[in-house]
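Taking full-length UniProt numbering, I'd label the letters of the sequence shown as residues 1 to 428.
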Amino acid sequence: MRGACQFWQDVLPFSMLHCRSSTTIFARKNRLFLIEPGMCRFSGYMQRRRDMGTSYRWDRRLRGATGGGLLVGAALLAAAGGVRAQGTVQLYGIVDDALTFTTNEGGGRTWAQTSGVGQSDRWGLRGVEPLGDGWRAVFRLESGFTLNDGRLSQGGLEFGRQAWVGLSSDRFGTLTLGRQYDFMSTNLTQFAAGTLTPSVFAFHLADLDRLGAERIDNSVRYVTPSMEGLQLGALYSFGGQPGNFVANSAVAFGATYAHGPFSAGAAYVGLHNYTAAFGIGATVLGSPLVGTGSLGLLAKPVVFDKLSVSGVGAGYQWGPAFLHGVFTLVDFRQNGASASLRTAEGGVKYSLTYALSLAGSYTYSKLGQAHWNQFVAGIDYSLSKRTDIYCNAVLLRASNGVRAQLFTLPASSSNSQTVVSIGMRHLF
């Protein structure tokens with residue numbers, strides 16, 4: 001195979017000529033040459049001559065049909081640039097399973113086998129195709145599932161985690177369209193205990209602040225290239241309601257900065273006519289979101305005139321210790337009434353060795369007269385670059401008269417709830 005390719009380079013000395021699995025088209029001295037898949041696999045001189053003759057026959061046919069080999073070559077190369085592009089498609093995923101013990105779920109203790117405690121189970125396809133001049137076509141299709149029963153997550157959507165396509169350039173940034181994460185997820189999650197512990201239970205109350213990876217459908221998202229460590233982003237989601245451009249629409253903005261051991265992020269998401277069904281019990285908040293009760297309870301789906309979420313986060317790598325913190329604000333608006341949920345979190349992740357790390361954090365949340373204190377501790381050991389085992393514990397204590405409920409778990413019958421997990425995670 002190497003000898004055959006060398007023969008072609010000697011006879012047809014073009015810089016682009018090399019052995020490929022896809023068709024290559026090029027021109028030289030008013031002649032158009034087409035090298036088909038596998039044409040460089042022969043070793044005999046006569047066989048190579050036959051291949052070269054095949055190329056010339058293609059040349060004669062095209063020249064006779066158009067009257068200009070170079071013009072045909074230029075047209076084909078322009079219209080079928082993908083013939084030469086080295087596009088890639090990658091299959092990837094995460095499988096994660098754990099044994100969990102919960103002190104109080106509706107009044108009783110629970111032992112369970114739970115999928116996706118460290119990270120949600122998923123598989124996906126991501127692709128990149130060079131288009132020339134630094135431009136690339138990009139796409140991602142990502143599906144979530146539960147390992148223990150094989151069911152689809154995200155309400156049964158086939159690609160419920162991500163589904164988008166777009167264009168990317170190191171000079172001009174990235175523009176994508178589809179079902180995508182907002183900037184609360186992409187810019188702040190890396191500073192949250194739910195990611196660093198790792199434990200899905202460590203995310204905040206009902207994931208109202210969207211740190212646990214929430215998506216927006218029908219969205220257009222743009223992120224600038226890095227400018228001395230700074231990146232900016234914007235997102236808009238079309239509501240699609242005739243006669244009302246704003247209804248059911250969403251807008252988001254974000255920024256990230258990284259320099260040396262310091263990194264930070266900020267984000268804002270505004271959702272109009274947003275239907276919230278957060279899955280938390282009616283007694284979790286203890287009372288309606290505002291004193292008059294005009295906002296109703298989060299126990300049932302509520303259509304908010306507007307739901308606004310904003311936040312900032314930062315981290316600093318200090319030797320083996322990563323110090324991190326995040327603050328989020330959630331504003332609910334409905335029929336002139338409003339309420340706000342404020343959450344502050346701080347913690348540290350410490351690497352004892354290359355493979356072994358410890359993590360701990362504290363979170364305080366407040367909504368009206370109700371408040372919550374959450375404590376998280378975890379240990380993680382890497383068996384390889386792609387496989388690790390972990391053990392973590394999350395304790396949530398609510399104010400008097402409010403039932404505790406950790407993210408994704410049924411509500412406790414009291415104001416306290418604790419979950420302990422031992423699990424394994426594998427990336428592919």
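C-beta: ideal position from N, C-alpha, C; glycine also.
Proximity below 7 Å, CB of residue i to CB of residue j
i: D207; j: F407; result: yes
i: V117; j: A98; result: yes
i: H371; j: S412; result: no
i: D209; j: V330; result: yes
i: L188; j: G265; result: yes
i: L307; j: L341; result: no
i: V223; j: T174; result: yes
i: A344; j: F327; result: yes
i: S237; j: A250; result: yes
i: T94; j: L383; result: Contrary to the premise, residue 94 reads as Ile rather than Thr in this sequence. No, the Cβ-Cβ distance between I94 and L383 is not below 7 Å.
i: S168; j: G134; result: no
i: P410; j: E105; result: yes
i: D388; j: R425; result: yes
i: N416; j: R386; result: As written in the sequence, residue 416 is Ser, which differs from the Asn given in the question. Cβ distance not < 7 Å, so S416 and R386 don't count as in contact.
i: Y390; j: G346; result: no
Own chain partners of residue i with C-beta closer than 7 Å, once the 5 adjacent residues on each side are dropped
i: A112; result: T100
i: S357; result: K349, Y350, S351 and D380
i: A213; result: Y181, S185 and T189
i: S15; result: Caution is warranted here: a pLDDT of 34 is assigned to S15, below 50, making its placement in the model unreliable, and the coordinate value is therefore given only provisionally. Nothing meets the Cβ criterion.
i: V89; result: L125 and G127
i: T197; result: A359, V376, G378 and N392
Among the options, nearest to residue i - alpha-carbon criterion
i: G311; options: Y350, H324, L352 and V269; result: V269
i: V403; options: S414, K366 and A252; result: For clarity, residue 403 is Arg in the given sequence; the question names Val instead. Considering only alpha carbons, the answer is S414.
i: N218; options: T197, G194 and T176; result: T176
i: G87; options: E129, D96 and T114; result: E129
i: G155; options: R215, G423 and F139; result: R215
i: W318; options: S263, T146 and Y274; result: S263
i: A255; options: G229, Q241 and F245; result: G229
i: V420; options: F201, R221 and Y92; result: F201
i: S365; options: F203, A252 and A258; result: F203
i: D305; options: W135, F322 and N273; result: N273
i: Q231; options: N148, Y257 and G132; result: Y257
i: Y354; options: R333, A321 and N373; result: A321
i: E405; options: T102, L131, Y92 and D96; result: The residue asked about is misnamed: residue 405 is Gln in this sequence, not Glu. Selected option, being the one with the closest Cα: T102.
i: F139; options: G346, G336, G178 and V309; result: G178
i: N148; options: L131, Q369, G132 and T114; result: T114
i: L141; options: L91, R151 and L205; result: L91
i: G166; options: Q369, L131 and L205; result: L131
i: H259; options: T195, M227 and G150; result: M227
Close beta carbons around residue i, own chain, < 6 Å, minus the five adjacent residues each side
i: S120; result: G144
i: A377; result: G360 and A393
i: L395; result: F375 and T418
i: G313; result: L188, F191, G265 and V326
i: R221; result: T176, Q180 and L235
i: L323; result: Y316 and V348
i: L152; result: F145
i: residue 448; result: Beyond the ends of the chain as shown, which are 1 and 428, falls residue 448; an answer cannot be given.
i: G239; result: A247, N248 and S249
For residue i: DSSP bridge partner residues
i: L167; result: A137 and L175
i: M424; result: D97 and I389
i: Q231; result: T256
i: P242; result: None; P242 has no bridge partner.
i: V348; result: L323 and G360
i: H272; result: K306
i: A411; result: DSSP, once it has assigned bridges, lists no residue as partnering A411.
i: V220; result: L177 and Y236
i: N373; result: Y364 and R397
i: D331; result: S308 and S340
i: F145; result: L152
i: S263; result: A258 and G315
i: G128; result: Correcting the residue identity first, residue 128 is Val in this sequence and not Gly. Note: V128 sits in a beta bridge opposite T88 and V138.
i: G378; result: A359 and N392
i: A250; result: S237 and L271
i: S416; result: R397
Any non-hydrogen atom of the ligand NAP closer than 6 Å to residue i Cβ
i: A264; result: No copy of the ligand NAP occurs in the structure displayed, which carries no ligand at all.
Neighbourhood of residue i by C-beta, 8 Å cutoff - its chain only, sequence neighbours within 5 removed
i: R171; result: G134 and P225
i: D96; result: S115, G116, V117, G118, Q119, S120, D121, L147, G423, M424, R425 and H426
Residue-chain proximity (residue i, chain B), Cβ-Cβ < 7 Å
i: Y316; result: In the structure shown, chain B cannot be found, because there is only a single protein chain.
Inset, instruction - Spell out a yes or no on whether the region 149–164 and the region 117–129 are touching, meaning 3 or more CB-CB pairs, one atom from each, closer than 8 Å. - result: yes
Inset, instruction - Would you be able to state if there are at least three C-beta pairs under 8 Å between the region 178–187 and the region 353–362? - result: no
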